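Numbering (the numbering used here), first residue to last: 4 to 145. This report concerns only the one structure given below.
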């Protein structure tokens, strides 16, 4: 299998143990994502923690807003393989709260404050994106 290109190569570091890349402001505040352009002046790149706790979550059960990739030449057909997915906020201790897809879990698996870990997952046939998954479920699968 060929490696998928990151949906945005500046969102996370590469390597065996990738990390989300945030920024550390001159004030010491951590932000995500890393600011770009003039907004990045005086902001240091900062590797965010790979683990955190689940702060809030929901199921995304409806099609995204337009524009989105359609099935073909027809208008407003929506993605051909849309499936509801989990999304939530993961608190990275002492850093920032990150909005993320949640994978390798069902809605019923999730609990407030549960331990989560960072991972890279397919976004579509050509790109990857970041997500978080429950640590205890990942440990059981290993």
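Glycine residues also receive a C-beta, built at the ideal position from the N, C-alpha and C atoms. These numbers come from a predicted model, not from an experiment.
Please classify residue i: is it buried, with 16 or more other beta-carbons within 10 angstroms of its beta-carbon, or exposed?
{"i": "residue 121", "result": "buried"}
{"i": "residue 65", "result": "exposed"}
{"i": "residue 135", "result": "buried"}
{"i": "residue 127", "result": "exposed"}
{"i": "residue 137", "result": "buried"}
{"i": "residue 25", "result": "buried"}
Do residue j and residue i count as a contact pair if the criterion is CB distance below 8 Å?
{"i": "residue 129", "j": "residue 42", "result": "no"}
{"i": "residue 92", "j": "residue 101", "result": "yes"}
{"i": "residue 113", "j": "residue 58", "result": "no"}
{"i": "residue 117", "j": "residue 54", "result": "no"}
{"i": "residue 104", "j": "residue 85", "result": "no"}
{"i": "residue 35", "j": "residue 99", "result": "yes"}
Using a Cβ-Cβ distance under 8 Å, would residue i count as near chain D?
{"i": "residue 41", "result": "Checking the listed chains, one finds no chain D in this structure; it contains a single protein chain."}
With DSSP collapsed to three states, give me the class of residue i.
{"i": "residue 114", "result": "coil"}
Run through the region 13-42 for me and flag every whole beta strand (DSSP E) of 3 or more residues, listed as ranges in chain order.
24-27
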